[in-house]
């Protein structure tokens, strides 16, 4: 039973490491492309405006 738990821990750690690596590669690719960054920035600006509106007016 102990070996099974160890294998599960290794699998989870490996999965988290893989996800971190993929997210890092995607982020590097996105920040290297000015057009993609413009779209990401516009999306984040829209989200920010929506949050501020919701907080100030109580509804979106």
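In our numbering, the protein residues as written are 63 to 122. Beta carbons: idealized from backbone N, C-alpha and C, even for Gly.
Self-check item: residue 103, DSSP secondary structure in three states
Solution: Look at residue 103 here: in three-state DSSP terms it is helix.
Self-check item: Nearest-angstrom Cα separation, counted from residue 90 out to residue 97
Solution: For residue 97 and residue 90, the distance between alpha carbons rounds to 14 Å.
Self-check item: residue 94 in three-state terms, based on DSSP
Solution: If DSSP states are grouped into helix, strand and coil, residue 94 belongs with coil.
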